[in-house]
Amino acid sequence: MLLIYCPYCKQYRDEEEFSYAGEAHIKRPQNPLAISDESWGNYLFFRKNPSDVHHEMWNHSSGCRQFFNVARDMITYEIKETYCISESPKIEKYKK
Ligand SMILES: [Zn+2]
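The opening position of the sequence shown corresponds to residue 371 in the working numbering, with each subsequent residue numbered one higher.
Laid out in structure tokens, this is it:
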């Protein structure tokens, strides 16, 4: 079981209170009509699958219901840090 730190509640809570919400830091194309179908398909369907630190969005669905980002090691499941949606990762090594 993971203990996840919610940056809004400022508490460590059980994983069961949270919902995974996909990869973090995905930018929607500024003008979807101006890009190719392939680029649009890549934006919609393709995600990274790294074997090191991955940046993910989580929702504190049974708590404050806020979305936030998690930098998590995909091999060990160790959470390196959590941070608010509007923030960048604090640990320089894991910034994208
Ligand atoms: Zn919370």
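Glycine included, C-beta positions come from ideal geometry on N, C-alpha and C.
Requested in this report: Report the rounded CA-to-CA distance for Met-371 versus His-395, giving the unit in angstroms.
Outcome: Counting from one through the sequence shown, the residue named residue 371 turns up at place 1. Counting from one through the sequence shown, the residue named residue 395 turns up at place 25. Rounded to whole angstroms, Met-371 to His-395 spans 25 angstroms at the Cα level.
Query raised in the report: Hey, out of Lys-380, Tyr-375, Glu-387, Lys-397, whose CA is closest to Ser-431's CA?
Result: Stepping through the sequence shown from its first residue, residue 431 is reached at position 61. A check of alpha carbon separations from Ser-431 across Lys-380, Tyr-375, Glu-387, Lys-397 identifies Glu-387 as the nearest.
Query raised in the report: Residues bridged to Ile-405 by DSSP?
Result: Taking the sequence shown and counting its residues from 1, the one referred to as residue 405 is at position 35. Bridge partners of Ile-405: none, in fact.
**Report entry** Closer than 5 angstroms: residues whose CB approaches a heavy atom of ligand 1
**Finding:** So the residues near ligand 1 by this Cβ test are Cys-376, Tyr-378, Cys-379, His-430, Gly-433, Cys-434.
Query raised in the report: Between Ser-389, Cys-434, Ile-405, which lies nearest to Cys-379 when the distance is taken from Cα to Cα?
Result: Translated into the one-based positions of the sequence shown, residue 379 becomes position 9. Of Ser-389, Cys-434, Ile-405, the residue nearest in Cα terms is Cys-434.
Query - Host beta strand (DSSP E) of Ser-389 (start-end) - result: One-based indexing of the sequence shown puts residue 389 at position 19. Its beta strand (DSSP E) spans residues 389-393.
Report task. Could you tell me whether the segment 439-455 touches the segment 399-408, where touching means 3 or more Cβ pairs closer than 8 angstroms? Result -> Under the Cβ criterion (8 angstroms, minimum of three pairs), the segment 439-455 does not count as touching the segment 399-408.
Query raised in the report: Taking the continuous beta strand (DSSP E) assigned at Glu-451, which residues delimit it?
Result: Along the sequence shown, one-based indexing puts residue 451 at 81. Following the DSSP letters along the chain, one finds Glu-451 inside the beta strand (DSSP E) bounded by residues 449-454.
Report task. Could you name the residues of the same chain whose beta carbon sits closer than 7 angstroms to that of Asp-384, not counting the 5 residues immediately before and after it, in chain order? Result -> As a working note, residue 384 is residue 14 in the sequence shown. Met-371, Leu-373.
Query raised in the report: Count the other CB atoms within 10 Å of the CB of Pro-420; is the residue buried (16 or more) or exposed (fewer)?
Result: Working through the sequence shown from its first residue, we reach residue 420 at position 50. Exposed, by the Cβ-count rule.
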